[in-house]
Amino acid sequence: MEMMQGSATVIATRTAAMAKAGTHPSAAHDREMKRMLDEKVDASAASLAGMTFAAAASCQSLWLGSLWGGRAPTAAQLQRATTRVLGAGLTPYQNTVRSNVKRLRK
Numbered sequence: 002m003e004m005m006q007g008s009a010t011v012i013a014t015r016t017a018a019m020a021k022a023g024t025h026p027s028a029a030h031d032r033e034m035k036r037m038l039d040e041k042v043d044a045s046a047a048s049l050a051g052m053t054f055a056a057a058a059s060c061q062s063l064w065l066g067s068l069w070g071g072r073a074p075t076a077a078q079l080q081r082a083t084t085r086v087l088g089a090g091l092t093p094y095q096n097t098v099r100s101n102v103k104r105l106r107k
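Each residue of the sequence shown is one higher than the one before, counting from 2 in our numbering.
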């Protein structure tokens, strides 16, 4: 919920700034647009890395559990693993949105 509201705030603020700049953006507008692109690339890379490591750790844990326990992972274990992987993927975006909301509200 926080990310949805924060994203809406950031999008509205940046869209208003772009509309205000019109066809003659200032250097500050150009910097903000470059920052926006850089943030997206950085968050995507961090998301992919986080999901990769979380998936590898979950697979290893589930595999070792089934090896030692002699049973296949339960639905609850698979659900928790999936939640960890997805959470690791969303965290970089959440952090970026949160910092943008704070910065753009000033």
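Cβ atoms here follow ideal geometry from the backbone N, Cα and C, with glycine treated the same way.
Residue i versus residue j: straight-line alpha-carbon distance, rounded
i: Q61; j: V42; result: 29 Å
i: D31; j: M37; result: 10 Å
i: R104; j: M34; result: 14 Å
i: W64; j: A47; result: 25 Å
i: N96; j: R81; result: 22 Å
Under 9 Å between C-beta atoms of residue i and residue j
i: T50; j: Y94; result: It is worth fixing the name first, because residue 50 is Ala in this sequence and not Thr. Their beta carbons are not under 9 Å apart, which means A50 does not touch Y94 by this criterion.
i: Q78; j: G66; result: yes
Chain-order list of residues whose beta-carbon lies under 7 Å from that of residue i (same chain, five-residue window excluded)
i: R99; result: G7
Beta-carbon contacts of residue i that lie in its chain and below 8 Å, excluding the five residues immediately before and after
i: V102; result: G7, T10, V11
Own chain residues within Cβ distance below 6 Å of residue i, not counting five before or after
i: M19; result: none
Self-check item: Cβ contact (3+ pairs, closer than 8 Å) linking the region 76 to 86 and the region 51 to 58
Solution: yes
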